[in-house]
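Quick note, the sequence shown lines up with residues 27 to 394 if you use our numbering. Glycine is no exception: its CB is placed at the ideal position from the N, C-alpha and C atoms. What follows is a short report on a single structure.
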Amino acid sequence: MTDSGGRPPVYYHDYLRLDRLLSSQAPESAKYGDEAHDELLFIIVHQAYELWFKQILHELDDVHEVFSRPFVPEREMGRVASRLERVVAIQRILIDHVDALETMTPLDFLDFRDLLVPASGFQSLQFRLIENLLGLPHEQRVLINEADYTTRFSSEHRDILERSHGRASLFELVDAWLQRTPFLHFGDFDFWDSYRDAVARMLDRDRSLIVSNPNLTEEGRGEQLARFDATADTFAALFDAERYEALLAGGIRRLSREAFLAALLINLYRDEPILQLPFRVLRALMDVDEGFTTWRYRHAIMVQRMIGSKIGTGGTSGHDYLRETARRHRVWNDLFDLSTFFIPRSELPELPESVAEAMRFHPTSEPR
Ligand code: HEM
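What follows is the structure in structure tokens.
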């Protein structure tokens, strides 16, 4: 082969280290003399997942680096959004990958399943690092037999996981970034005040519609007013700093109040050019959260089909445990909940000209 500009020629097989990659499948069943045909599929699917997990960590590390800066230049937001959107594209592949695994029937799986005990996907180090990097809090994790998840790992991996607990998560960094959002208070403009006024107008109107609706019976009116009061109370809890603190303490909210408000502002005024990229980033964070939740449900259903209500090789209750993690292991609930506080575009307080001007021409989000 000719050399390429003084560099030694690159050979496909070597570049991809295919010798190592393709000799890294060692079915347990083969060691005991009776190789189960489907164990190769089982191994390859898991390995493909681990490769994609590596890529996801690569993307999230880059996002983490940007948000770790004391202030985040606006132009980096496009990069952040693209990285997160790539993670979402990979997640779609991960979800589809389950189809390939499901071509293995439960009986085929039984040919080698017992040989795997006590190993389990539960011990995927990279999956746990992704969870920790995204910001799944320790106290939110579903315990297995009252034990911390790290107890299922080798001591070397436990050290790596402990270190990851000490690193600021993306959740914490994004919270801090949101808190620094300009425009929440800008000259005489206070987003909080103008939003509160708009909500009051909207609620007044909604209430009078119920009160004056001629089609309602008195009982129906009472029911609707009770529901209305509950909605009004949800807004009141947002406006009251002490009540918001109580929501944080009770684990109902995680984002700081200032960050929650900034996320609200970005969503409500996302048509302003300067807020479009931050909006794209918030949406991508939600997509990533939804992607993992969807994968978790898909995996849980596949597991039920594969092992019914048996316990897992890793010793959890199996399907029940997995459904519970799908429900609880979510990071960005607050962003999903934001829509509770949306008001129609037509009711949005108009931005004072000075703020609108600044949004149009302000090139970077300097810290306040
Ligand atoms: C036949 C196929 C599979 C079965 C029967 C299965 C079963 C299970 C079970 C029962 C658990 C709960 C822990 C335990 O008790 O073992 C679990 C957890 C897990 N599995 Fe699988 N799994 C399969 C395929 C996969 C694949 C292909 C992946 C990809 C990496 C994977 C990743 C995981 C992860 C990350 C967890 C931890 C989930 C959490 O704690 O929220 N599994 N699996």
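Close Cβ partners of Asp201 (< 7 Å) along its chain, the five nearest in sequence each way excluded: Within the sequence shown, the letter at position 175 stands for residue 201. Taken in chain order, the residues that qualify are Leu281, Ser282 and Ala285.
List the endpoints of the continuous alpha helix (DSSP H) containing Val168. As a first step, residue 168 must be located in the sequence shown, where it is residue number 142. Counting along the chain, Val168 falls outside any alpha helix (DSSP H), and DSSP gives it neither H nor E.
Using CA atoms only, rank isn't needed, just tell me which of Leu47, Pro144 and Leu66 is closest to Tyr38. By 1-based counting over the sequence shown, the position of residue 38 is 12. Residue nearest to Tyr38 within the set Leu47, Pro144 and Leu66 is Leu47 (criterion: CA-CA distance).
Give me, in chain order, the residues of the same chain whose beta-carbon lies closer than 7 Å to that of Leu361; leave out the 5 immediate sequence neighbours on both sides. Counting from 1 along the sequence shown, the entry for residue 361 is found at position 335. Contacts found: Ala289, Leu308, Leu311 and Met312.
I need the straight-line Cα distance from Ser94 to Ser335, nearest angstrom please. Indexing the sequence shown from 1 puts residue 94 at position 68. Indexing the sequence shown from 1 puts residue 335 at position 309. Approximately 44 Å between the Cα atoms of the pair.
For Arg95, write down the residues that DSSP places opposite it in a beta bridge. Sequence index remark: in the sequence shown, residue 95 carries index 69 (1-based). Note: Arg95 sits in no beta bridge, so no partner.
Contact between the region 238-256 and the region 170-181 is defined here as three or more beta-carbon pairs at a separation below 8 Å; is this criterion met? no
Let's see if you can read the secondary structure: which residues bound the alpha helix (DSSP H) around Asn158? Locating residue 158 in the sequence shown gives position 132, where the first residue counts as 1. Run containing Asn158: Leu151 to Leu160, per the alpha helix (DSSP H) assignment.
Just the C-alpha distance for Pro35 and Leu42, rounded to the nearest angstrom, thanks. As a working mapping, residue 35 is identified with position 9 in the sequence shown. As a working mapping, residue 42 is identified with position 16 in the sequence shown. For Pro35 and Leu42, the distance between alpha carbons rounds to 14 Å.
Tell me which residue opens and which closes the alpha helix (DSSP H) that Tyr41 is part of. Taking the sequence shown and counting its residues from 1, one reaches residue 41 at position 15. First-last of the alpha helix (DSSP H) with Tyr41: Tyr38 to Tyr41.
Of the listed residues Ser380, Ser55 and Glu373, nearest to Ser220 (C-alpha basis): In the sequence shown, counting from the first residue as 1, residue 220 sits at position 194. Answer by Cα proximity: Glu373.
To the nearest angstrom, how far is it from the Cα of Leu67 to the Cα of Asp125? Working through the sequence shown from its first residue, we reach residue 67 at position 41. Working through the sequence shown from its first residue, we reach residue 125 at position 99. Approximately 12 Å, taken between the alpha carbons.
Okay, do the region 107-124 and the region 72-85 touch, 3+ Cβ pairs below 8 Å being the bar? yes
Those runs of the alpha helix (DSSP H) which lie wholly inside the region 244-298 and span at least 4 residues: Qualifying alpha helix (DSSP H) stretches, in chain order: 244-265, 267-275 and 283-294.
Given the structure, does Gly192 come close to ligand 1, in the sense that its CB is under 7 Å from one of the ligand's heavy atoms? Residue mapping note: residue 192 aligns to position 166 of the sequence shown, counting from 1. Not under cutoff, so the answer is no.
By Cβ distance below 7 Å, which residues in the same chain neighbour Ala352 in space, the five residues on each side in sequence not counted? Your numbering for residue 352 matches position 326 in the sequence shown. Cβ within range, chain order: Thr319, Arg322, Tyr323 and Ala326.
Around the C-beta of Gly317, are 16 or more other C-beta atoms found within 10 angstroms, so that it is buried, or is it exposed? As a working note, residue 317 is residue 291 in the sequence shown. Counting Cβ neighbours within 10 Å, Gly317 comes out buried, since at least 16 surround it.
Ends of the alpha helix (DSSP H) at Ala224? As a first step, residue 224 is located in the sequence shown; it is residue number 198 there, counting from the start. Taken as a continuous stretch (DSSP letters only), the alpha helix (DSSP H) holding Ala224 covers Phe217 to Ser238.
Name the residue from Leu199, Leu235, Leu160 and Gly213 whose alpha carbon lies nearest to the alpha carbon of Val314. Stepping through the sequence shown from its first residue, residue 314 is reached at position 288. Checked all of Leu199, Leu235, Leu160 and Gly213; the closest Cα to Val314 is Leu160.
Cβ neighbours of Thr342 in the same chain (closer than 6 Å, five flanking residues each side left out): Within the sequence shown, numbered from 1, the residue matching residue 342 stands at position 316. The answer, listed in chain order, is Ile170.
Proximal residues to Ile369 (C-beta, below 7 Å), its chain only, five neighbours per side dropped: Here residue 369 refers to the residue found at position 343 when the sequence shown is read from its first residue. Ala224, Val225 and Met228, listed in sequence order.
Please classify His90: does DSSP put it in a helix, a strand, or coil? Residue mapping note: residue 90 aligns to position 64 of the sequence shown, counting from 1. Looking at His90 - three-state DSSP - the assignment turns out to be helix.
Which of helix, strand or coil does DSSP assign to Ser30? Position 4 of the sequence shown holds residue 30. DSSP places Ser30 in strand when its eight states are reduced to three.
CA-to-CA distance, Gly213 to Ser380, given in whole angstroms: The sequence position of residue 380 within the sequence shown is 354, counting from 1. The sequence position of residue 213 within the sequence shown is 187, counting from 1. Distance between the alpha carbons of Ser380 and Gly213 is about 8 Å.
Give me whichever residues DSSP pairs with Ala194 in a beta bridge. Reading the sequence shown from its first residue, position 168 is the one you call residue 194. Bridge partners of Ala194: none, in fact.
Could you check if Pro144 is buried or exposed, using at least 16 other CB atoms within 10 Å of its CB as the buried criterion? As a working note, residue 144 is residue 118 in the sequence shown. The residue in question, Pro144, is exposed, as its Cβ has fewer than 16 Cβ neighbours within 10 Å.
Run of the alpha helix (DSSP H) containing Phe138, from where it starts to where it stops: Within the sequence shown, residue 138 is the residue found at index 112, counting from 1. Neither: Phe138 is in no alpha helix (DSSP H) and is coded neither H nor E.
Should Asn158 go down as buried or exposed, given a rule of 16 or more other Cβ atoms within 10 Å for buried? Counted from its first residue, the sequence shown places residue 158 at position 132. So Asn158 counts as buried.
Verify the contact flag: Gly340, CB atom, against every heavy atom of ligand 1, threshold strictly below 7 Å. Taking the sequence shown and counting its residues from 1, one reaches residue 340 at position 314. Yes, since a heavy atom of ligand 1 falls inside the 7 Å radius drawn around the Cβ of Gly340.
CA nearest to the CA of Ile278, picked from Leu294, Leu291, Val92 and Thr260: The residue given as residue 278 occupies position 252 in the sequence shown. Answer by Cα proximity: Thr260.
Between Ala74 and Ser50, what straight-line distance do the alpha-carbon atoms span, to the nearest angstrom? Locating residue 74 in the sequence shown gives position 48, counting from the first residue. Locating residue 50 in the sequence shown gives position 24, counting from the first residue. Looking at the two C-alpha atoms, the distance is approximately 12 Å.
Out of curiosity, what's the CA-to-CA distance linking Ala56 and Asp88? Translated into positions along the sequence shown, residue 56 becomes position 30. Translated into positions along the sequence shown, residue 88 becomes position 62. Distance between the alpha carbons of Ala56 and Asp88 is about 41 Å.
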